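Numbering (our numbering), first residue to last: 187 to 446.
Built from N, CA and C at the ideal position, the CB exists for glycine as well.
Keep in mind it's a predicted model, so treat the numbers as computed, not measured.
One structure is given here, and the rest of the page talks about it.
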Amino acid sequence: MKTYVITGTTSGIGKSLAEEYSKHNIVFAGYRNERLKLEGENIIPFYIDYSKPETIQQAIEFINSKTKKIDTIFNVAGCVVAGALELIDMSELRRQFDVNVFGALELTRGLPVNKVINISSMSSFGIYPFIAPYCASKRALDILFNLYSLESGIKVISLKLGSIATPIWSKSIQENNTVLENSKGYEAECKYLVKNALKNEVKGIPVNKIITKIIKIEKLSSPKPSYTIGFDAKVTEIFSHLPQGFINFVIENKLKRMRK
Ligand SMILES: NC(=O)c1ccc[n+]([C@@H]2O[C@H](COP(=O)([O-])OP(=O)(O)OC[C@H]3O[C@@H](n4cnc5c(N)ncnc54)[C@H](OP(=O)(O)O)[C@@H]3O)[C@@H](O)[C@H]2O)c1
């Protein structure tokens, strides 16, 4: 039996990972808000809310009191701060980084971890206007953890996922409702963002397909530091390697078409 820590296990990718791994392993499963709906004798729930820093240290103490070794931590918990950068409250920008970046780093370095798998995103390639905080947070996550890996010798794998059919899309509309509804000067772009999010929640890659891939990667003895998963993610990665001036030209033209 191996020991895993998985955050963000109340829904989507984290929940499915916890369900799979707990069949034959011990899983410390992070939740916030609602009580965890996962059950099973191999599941040890722990409370963590990355927007409440004290809960991170409490989670570290709790897990360390129960185990001396963690085979893999999956940093899955995440949220999306969306809207026009000009209109997003600075406290929301900070929350984006607290949840998607700093929380994951603080939890990971507080635990006796052998391997880290971070659920990053194609957004880390940085080409999506109106979800700029999310793009920047995923890029920051990748940079911090890659350098952490080089410094510490702990294996870190970044999974840059394309669109997956999970509740994150509708949650992001709800959470950013105020700024999206009051997006003076950016109404057309925000309307498109909402429409696209609702589409992705249905048409994204099914979670079970992604879980199978993640489990395969986790088993590799010599994994790469980064995997880009999904056709949309692969296209985004290639596009992001083109000259910045050309990338901006293409995006500006898309935005112009949206505004018409
Ligand atoms: N779905 C996609 O298309 C996609 C693509 C690329 C990357 N990702 C990444 O995949 C990860 C999992 O997302 P998902 O798609 O499975 O969405 P999800 O179902 O919304 O899962 C997100 C998880 O993170 C938790 N979470 C949110 N804010 C938190 C906080 N402040 N503290 C602790 N936990 C918090 C959520 O808890 P609550 O249930 O309490 O909200 C939930 O358990 C995220 O990091 C996301 O950025 C998703």
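Fill in: Cβ contact check for the stretch 364-374 and the stretch 321-334: 3 or more pairs under 8 Å
Output reads no: the stretch 321-334 does not touch the stretch 364-374.
Worksheet item: Is the Cβ-Cβ distance between residue 414 and residue 346 less than 7 Å?
Response: By 1-based counting over the sequence shown, the position of residue 414 is 228. By 1-based counting over the sequence shown, the position of residue 346 is 160. For the 7 Å CB-CB criterion, residue 414 and residue 346 form a contact.
Worksheet item: Relative to the alpha-carbon of residue 216, which residue among 288, 381, 293 and 282 has its alpha-carbon at the smallest distance?
Response: Taking the sequence shown and counting its residues from 1, one reaches residue 216 at position 30. Minimum Cα distance to residue 216 is reached at 293.
Worksheet item: Exposed or buried, which one is residue 439 when buried takes at least 16 other CB atoms within 10 Å?
Response: In the sequence shown, residue 439 corresponds to position 253, counting from 1. Residue 439 should be labelled exposed.
Item to complete: Report, in whole angstroms, the separation of the C-beta atoms of residue 299 and residue 263, which I expect to be a contact under 8 Å.
Response: In the sequence shown, counting from the first residue as 1, residue 299 sits at position 113. In the sequence shown, counting from the first residue as 1, residue 263 sits at position 77. So it is not a contact: roughly 16 Å between Cβ atoms.
Worksheet item: What's the C-alpha gap between residue 230 and residue 433?
Response: Here residue 230 corresponds to residue number 44 of the sequence shown, with the count starting at 1. Here residue 433 corresponds to residue number 247 of the sequence shown, with the count starting at 1. Residue 230 and residue 433: Cα-Cα distance of roughly 46 Å.
Worksheet entry | Validate contact between the stretch 202-212 and the stretch 394-402 using beta carbons, cut 8 Å, 3 pairs | Verdict: yes, contact present.
Item to complete: At 4 residues or longer, and completely inside the stretch 340-390: list those alpha helix (DSSP H) runs for me, N to C.
Response: Runs of the alpha helix (DSSP H) inside the stretch 340-390: 354-361, 363-367 and 373-389.
Worksheet item: Between the stretch 301-314 and the stretch 411-427, do at least 3 Cβ pairs fall closer than 8 Å?
Response: Touching, yes, given that three or more Cβ pairs across the two stretches are closer than 8 Å.
Fill in: Complete runs of the alpha helix (DSSP H) confined to the stretch 289-335 [at least 4 residues]
Runs of the alpha helix (DSSP H) inside the stretch 289-335: 289-295.
Item to complete: Using beta-carbon positions only, say whether residue 380 and residue 320 come within less than 7 Å of one another.
Response: Locating residue 380 in the sequence shown gives position 194, where the first residue counts as 1. Locating residue 320 in the sequence shown gives position 134, where the first residue counts as 1. No, they are not a contact pair.
Worksheet entry | Cβ-Cβ distance between residue 256 and residue 189 below 7 Å | Locating residue 256 in the sequence shown gives position 70, counting from the first residue. Locating residue 189 in the sequence shown gives position 3, counting from the first residue. For residue 256 and residue 189, yes; Cβs fall inside 7 Å.
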